[in-house]
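Chains as they are written, first to last, in our numbering: chain D, 480 to 878; chain H, 480 to 878.
Every residue, glycine too, gets a C-beta built ideally from N, C-alpha and C.
All values reported here derive from a predicted model rather than from experimental measurement.
Data first, discussion second: the structure below is written as structure tokens.
The structure is reproduced here in structure tokens:
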């Protein structure tokens with residue numbers, strides 16, 4: 480990466496995330512709601528938008544166009560991007576590069592998902608399992624732990640949790656503490672699918688999805704959309720948007736390397752090496768470190784992944800993440816606030832929208848506009864979005 | 480678009496396009512074959528590749544990663560892009576922008592499709608028809624002509640053909656002349672799915688798919704992959720690739736505008752306005768016009784679309800395309816050679832690969848390396864790739 484130009488998020492928007500089939504809307508309705516909100520937040524007309532990368536996994540080809548047409552039929556380029564659970568951040572990554580390269584001055588990144596109940600865990604549709612991109616991950620998991628009749632993503636992350644417990648002495652209560660924290664945070668988020676607090680004991684006592692993960696430690700199946708308007712420095716200046724602009728200080732996407740598969744470790748197979756590498760690269764580009772970060776939205780698809788990501792981002796040493804969450808270091812009053820929005824576990828996880836909703840939360844936080852969930856004095860935020868298959872995107876935002 | 484840096488295609492590769500299920504290969508096998516060929520053609524190691532946009536419609540999420548991993552597990556960003564039949568050129572469009580913006584120096588654009596027999600016509604899987612992005616196009620078609628029990632894309636393009644015949648007096652023989660020309664061209668293309676010549680009378684006498692379109696005027700369902708290595712000027716110089724570099728002189732993607740739907744015309748609904756606009760923008764960026772072009776690979780998914788594209792690109796006036804093909808102006812010895820590869824009709828149409836295979840053919844032509852299908856003295860080439868839903872990409876290549 481050799482780009483020198485800066486890029487800024489000047490507008491964000493999202494729908495409330497909802498249980499599938501609980502609201503009568505099409506994917507283009509939710510996309511229009513989120514996209515219009517982002518444009519209004521930026522104070523930018525749709526006609527200023529030059530390109531639109533769109534993220535989704537479950538709709539048909541060119542669904543992005545159908546969504547964009549609801550905003551305005553202007554004939555601009557639309558790219559439908561699909562990177563499993565990292566799809567939203569992948570759209571943001573394209574938007575950033577169009578702007579940083581000087582190819583475009585104003586790009587709308589849009590993500591949405593209209594899911595089927597129970598779809599999460601099966602990955603996206605299309606193609607059979609044996610030839611699916613994540614089959615290799617499952618192979619490693621099955622070799623270590625065998626298969627059970629539970630959702631496949633819960634199995635592989637659950638087995639990564641068992642491995643972490645065996646290797647480091649991490650406890651079920653520490654894993655449950657992630658769920659309790661994120662559900663507690665979501666109480667203040669009107670956009671969250673759930674807004675109910677639970678004690679660690681309640682999280683532990685909830686229905687087991689795949690041991691040791693209980694239902695309150697797993698992200699639900701969700702519908703929803705989110706969007707971000709990414710612009711150049713000259714666009715910020717020309718339109719006087721300095722008061723709402725948040726800089727994308729550094730961003731990186733990584734995919735699997737030999738490290739993901741060679742060890743036969745489920746921790747490696749679920750993407751911890753990708754997160755580590757993406758974090759390192761994003762910090763390097765930003766000229767910042769984890770010590771500079773105030774607020775984090777990370778990919779807690781399952782509680783174990785929040786713990787793995789603490790370690791991958793250098794928030795603690797290997798095996799120390801269970802103690803870190805128990806210490807209170809990752810909630811209000813602690814060193815970082817992680818997932819103030821409620822995270823995927825409580826806010827919800829509509830695949831194509833998730834990465835952009837993380838960006839929306841951080842923009843609100845860095846503007847001091849997060850209301851009851853505001854992290855006091857937040858200046859630097861980090862978003863972490865990961866998908867099996869795989870891709871990890873880390874984005875460092877600075878106000 | 481404000482970019483000033485130049486981008487070059489320095490390597491291309493493709494598999495033979497094949498009837499689905501006729502060869503025992505997975506999508507990653509074909510992707511590896513095409514990707515490796517493109518890298519070898521460029522004389523570039525996989526390790527030099529910084530980003531990989533991947534185009535496909537029918538495989539599961541992150542299939543691009545699975546394909547890229549076969550080339551080398553280096554952890555580089557992968558973007559899975561899906562723009563229906565314009566998917567391959569959409570991947571090329573991302574690669575070009577990464578390079579022209581100076582964000583990357585070496586990008587591999589990769590496209591593949593492993594289709595199911597008879598899949599073409601239904602668009603990509605995922606989502607039901609009523610909410611599919613192309614439903615609006617079908618609505619216009621149905622309002623004019625009703626539905627028949629034939630493949631839906633054949634219906635909409637067939638009805639555009641009927642409209643062209645009614646409006647301009649275009650004849651069935653003129654439409655068949657497109658099929659005859661492209662099948663004749665493919666005789667010299669070992670990568671083509673078919674390599675059999677047919678007289679206009681044989682094309683007319685072939686099985687009717689949707690009146691007036693016969694089977695020899697329709698692209699088949701195909702498996703296959705194609706790839707292109709796109710690099711910066713400094714990369715060309717540093718690696719001494721000047722002898723194989725073909726410049727991307729201009730490129731544009733358009734999506735639908737009001738014009739696509741407002742008239743109620745099937746010709747507009749199948750994308751003629753998108754092609755016109757993309758062509759105009761690409762020529763403007765290249766500083767060239769249709770009079771400068773020697774060789775064209777255009778999206779002849781059905782014979783009518785080749786005629787519509789002649790008009791959209793300014794090769795003739797409105798309604799004159801039937802006469803143009805009959806005159807021999809678009810074959811060897813004529814003003815332009817259109818679809819020397821055999822086009823989609825005879826070379827085949829694996830959705831994600833098609834746009835990149837067009838680029839491959841043009842690179843070979845502009846290097847003077849197209850063997851028995853060489854267009855003498857070709858210096859400027861044009862690729863046109865379009866998908867319902869929709870997107871049209873026009874790329875002007877210059878040697």
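query	result
Three or more C-beta pairs below 8 Å linking the stretch 564-583 of chain D and the stretch 840-851 of chain D	no
Between the CA atoms of residue 564 of chain D and residue 523 of chain H - distance to the nearest angstrom	32 Å
Beta-carbon proximity check, residue 506 of chain D vs residue 532 of chain D, cutoff 7 Å	no
Strand pairing of residue 732 of chain D, partner residues [DSSP]	D:872
Residues sharing a beta bridge with residue 702 of chain D, DSSP	D:497
Residue 764 of chain H (DSSP reduced to helix, strand or coil)	helix
Cβ neighbour criterion (16 or more within 10 Å) applied to residue 800 of chain D	buried
Span of the beta strand (DSSP E), counted from its first residue to its last, around residue 862 of chain H	859-866
Nearest-angstrom Cα separation, counted from residue 488 of chain H out to residue 678 of chain D	58 Å
Straight-line Cα distance separating residue 656 of chain H from residue 778 of chain D	56 Å
Burial state of residue 501 of chain H, where buried means 16 or more other Cβ atoms lie within 10 Å	exposed
CB-CB length for residue 592 of chain D against residue 537 of chain D, believed under 8 Å	6 Å
C-beta neighbour in chain D for residue 631 of chain H, strict 7 Å	no
Residue 490 of chain H in three-state terms, based on DSSP	strand
Residue 819 of chain D and residue 703 of chain D closer than 7 Å at C-beta	no
CA-to-CA distance, residue 553 of chain H to residue 817 of chain D, given in whole angstroms	30 Å
Amino acids of chain D, ordered along the chain, whose beta-carbon sits closer than 7 Å to that of residue 548 of chain H	735
Closer than 7 Å to chain H by CB, residue 717 of chain D	no
Limits of the unbroken beta strand (DSSP E) element including residue 532 of chain D	531-534
Amino acids of chain D, ordered along the chain, whose beta-carbon sits closer than 7 Å to that of residue 805 of chain H	Going along chain D, no residue has its Cβ under 7 Å from residue 805 of chain H, so there is no contact; the nearest lies around 32 Å.
Assigned secondary structure, residue 602 of chain D (DSSP; H/G/I helix, E/B strand, else coil)	Note that residue 602 of chain D scores 39 on pLDDT, short of 50, meaning its location in the model is unreliable; the coordinates nonetheless yield the value given after this. Residue 602 of chain D: coil per DSSP, three-state reduction.
Beta-carbon spacing of residue 490 of chain D, residue 708 of chain D below 7 Å	yes
Close Cβ partners of residue 788 of chain H (< 6 Å) along its chain, the five nearest in sequence each way excluded	754, 777, 863
Min CB distance residue 610 of chain D to chain H below 7 Å	yes
CB contact check: residue 544 of chain D to chain H, cutoff 7 Å	yes
Three-state secondary structure assigned by DSSP to residue 715 of chain H	helix
Reduced DSSP secondary structure (H/G/I, E/B, other) of residue 664 of chain H	helix
8 Å CB neighbourhood of residue 484 of chain D in its chain, flanking five on each side removed	578, 579, 580, 581, 711, 712
Where residue 677 of chain H sits in the DSSP three-state scheme	coil
Outcome for residue 719 of chain D when other beta-carbon atoms lying within 10 angstroms are tallied against a minimum of 16	exposed
Per-residue burial, residue 526 of chain D [other beta carbons within 10 Å of its own, 16 or more giving buried]	exposed
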